[in-house]
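Written below as structure tokens is the structure these notes are about.
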Amino acid sequence: MRNVSAAFVLLLLAAAVLACGCMGPDTPPAGPEAVQDIVVGALLPRSGEYAGGGEASRVALEVAAADINDYFASIDSDQRVGIIIEDTKADPAIALAKLQALEEQDVRIVIGPGTSAELEAVRTYADEHGIILISTMSTAPSLAIAGDNVYRFVPPDTYQADVMAYYLRKQGVTAIVPVWRGDVWGDELEKLTAAAFARRGGNVLDGVRYTPGQEYGAIAADLDARVARAIAAPGREKVAVYLVSLDEADRIMEAAIATENLPKVRWYGCDGSVLLDSLATGEPARFAEQTKFTCPALWNQESVASNTATIQKMRELLGRHPDGYGLATYDALWIVAMARTETDTADVAMLKTALERTAEESGGPLFGPAHLNSAGDLSSAHYTFWTVSADGIAYRWVPVVQYGVASAGATPELEWVGA
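The sequence shown maps to residues 1 to 419 in the UniProt record's numbering.
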């Protein structure tokens with residue numbers, strides 16, 4: 001809890017007053033049976049195609065819950081936060097079934113689901129049944145809908161597309177060959193990045209759209225042929241592969257190793273494959289290091305540096321660096337818990353008002369105030385680009401540079417450069 005924002009400290013003071021204000025001199029001490037639970041549901045892909053992201057968010061929730069309950073205990077509050085985590089396997093149909101299961105347990109606020117495809121499948125049900133969803137991983141712009149019951153404490157992918165295109169041009173890349181996951185998230189991110197790159201004078205060549213689970217050797221062969229044609233004109237120094245994928249990135253790289261041209265050009269990725277442990281071990285790591293594979297993560301170096309104890313707890317439990325969406329998940333549970341100290345109503349409109357006010361005025365301990373736009377999405381962002389680097393006989397993810405995007409359509413601003 002050290003070095004948190006001033007706004008968040010003020011929120012804790014206010015929450016302490018609200019949480020304890022009911023305890024007058026004639027109120028008997030609260031025993032274990034008097035503990036008031038703030039129950040929050042979570043829909044996370046703990047297995048399946050995005051298990052890495054789901055596991056990072058699970059750890060973040062467990063660390064946040066322990067920290068919040070320690071805080072409640074420190075102010076002699078009888079409130080405690082509890083989480084019910086359901087595994088969606090990154091499957092939209094399972095996500096809907098799990099949301100219905102949480103509703104049966106009278107859960108009204110749910111963190112998740114993880115992917116945009118899942119959110120697309122459950123959004124209408126949540127609206128119709130008075131359930132508030134707070135996604136910390138879904139970024140598809142088509143799901144930015146004003147007035148619904150969905151909040152996303154992350155920016156839509158228009159921001160990522162702009163910063164990616166900006167970075168590619170800064171790296172001297174003049175042409176990209178995209179390879180992307182064929183779902184609502186992948187299709188939108190590829191289209192947005194291609195458009196942003198073209199606006200900056202880049203050339204977007206025909207790429208490969210794949211279905212998860214498809215034979216990755218065939219995908220790599222198709223991509224290799226396209227890259228061969230691409231490097232014939234400007235040369236391989238100016239051409240890059242742009243990969244939009246989730247956990248399957250390691251299998252794509254394993255298949256690419258045996259091709260003629262794919263190991264010869266630079267590769268860039270997205271927030272779905274950054275900081276994956278599977279890309280820092282074995283053959284995929286060697287390929288990633290060889291091709292200087294670099295991806296953006298929602299990440300603020302200043303915030304992380306000032307909260308090293310919290311980050312370290314997550315890292316020890318996770319066995320690797322938590323990603324930016326995991327950190328956003330940590331903050332999300334704090335925002336929900338603090339909003340619930342303000343009101344314990346079941347009225348959806350009042351709950352939304354409390355959540356919006358808490359997010360805007362103080363946010364969470366890691367990222368501070370979360371300024372939301374009219375659709376309930378984060379309206380500004382910080383992206384740190386990470387690359388896979390050799391470290392002796394091992395490999396690790398290393399931060400390279402950070403850009404801030406103040407608002408939709410704004411030019412990225414350089415904020416930090418790695419050593």
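All C-beta atoms in this analysis are idealised placements derived from N, C-alpha and C, irrespective of residue type, glycine included.
In this text the structure is predicted, and so the values were computed from the model without any measurement.
Where residue 53 is concerned, the enclosing alpha helix (DSSP H) starts and stops at 51-74.
Contact between the segment 380-396 and the segment 182-191 is absent: fewer than three C-beta pairs spanning the two stretches fall below 8 Å. 114 is the residue among 291, 274 and 114 whose C-alpha sits nearest the C-alpha of residue 135. Counting every other CB atom within 10 Å of its CB across the protein chains shown gives residue 141 a total of 16 or more, marking it as buried. Secondary structure note for residue 404: its beta strand (DSSP E) is the uninterrupted segment 394-405. Judged by DSSP in its simplified three-state form, residue 274 adopts coil rather than helix or strand. Contact between residue 165 and residue 139 is ruled out by a C-beta separation of about 16 Å, above the 8 Å threshold. In the displayed model, residue 79 falls within a strand according to three-state DSSP. When Cβ pairs closer than 8 Å are counted between the two stretches, the segment 152-168 is seen to touch the segment 365-379, the count reaching three or more.
Uninterrupted alpha helix (DSSP H) stretches at least 4 residues long and entirely within the segment 331-403 occur at 348-361, given in chain order. Straight through space, the alpha carbons of residue 98 and residue 181 are spaced by roughly 24 Å. For residue 110, the uninterrupted beta strand (DSSP E) run begins and ends at 109-111, by DSSP. Here DSSP, grouped into helix, strand and coil, assigns residue 102 to helix. Per DSSP, residue 135 is one residue of the beta strand (DSSP E) stretching across 132-135. Within its own chain, the residues whose Cβ lies closer than 6 Å to the Cβ of residue 358, once the five positions on either side in sequence are excluded, are 335, 338 and 339, listed in chain order. Using a 10 angstroms sphere on the CB of residue 407, the tally of other CB atoms stays under 16, which defines it as exposed. Minimum Cα-Cα distance from residue 84 among the listed residues 102, 95 and 299 corresponds to 102. Segment contact: the segment 107-121 against the segment 63-79, fewer than three CB-CB distances shorter than 8 Å; contact not assigned. A direct Cα-to-Cα measurement between residue 386 and residue 255 gives close to 22 Å. Within the model, the alpha-carbon separation for residue 52 versus residue 269 is close to 16 Å. Shown here for residue 246: same chain residues with a beta carbon closer than 6 Å to its own, the five before and five after excluded, namely 49, 50 and 272 in chain order. For residue 219, the uninterrupted alpha helix (DSSP H) run begins and ends at 216-230, by DSSP. According to the DSSP secondary-structure assignment, residue 236 is paired through a beta bridge with no residue. C-alpha of residue 356 to C-alpha of residue 60: approximately 21 Å in a straight line.
For residue 416 and residue 305, the gap between their C-alpha atoms comes out near 12 Å. For residue 296, the enclosing beta strand (DSSP E) begins and ends at 294-298. Per the coordinates, the alpha-carbon of residue 405 lies some 33 Å from the alpha-carbon of residue 394.
Secondary-structure assignment with DSSP links residue 243 through a beta bridge to 179. Under the DSSP assignment, residue 286 falls in the alpha helix (DSSP H) whose first and last residues are 282-290.
Per DSSP, residue 260 is not a residue of any alpha helix (DSSP H), being assigned neither H nor E.
At the C-beta level, residue 265 and residue 239 come within 8 Å of one another. Relative to residue 106, the option among 39, 373, 342 and 206 whose CA is nearest is 39. The criterion of a C-beta distance shorter than 8 Å is not satisfied by residue 219 and residue 204.
Taking 8 Å as the cut-off, the beta carbon of residue 227 is found closer than this to the beta carbon of residue 177. For residue 415, no alpha helix (DSSP H) run applies; the uninterrupted beta strand (DSSP E) run containing it begins and ends at 413-417, by DSSP. Rounded to the nearest angstrom, the gap between the Cα atoms of residue 330 and residue 233 is 47 Å.
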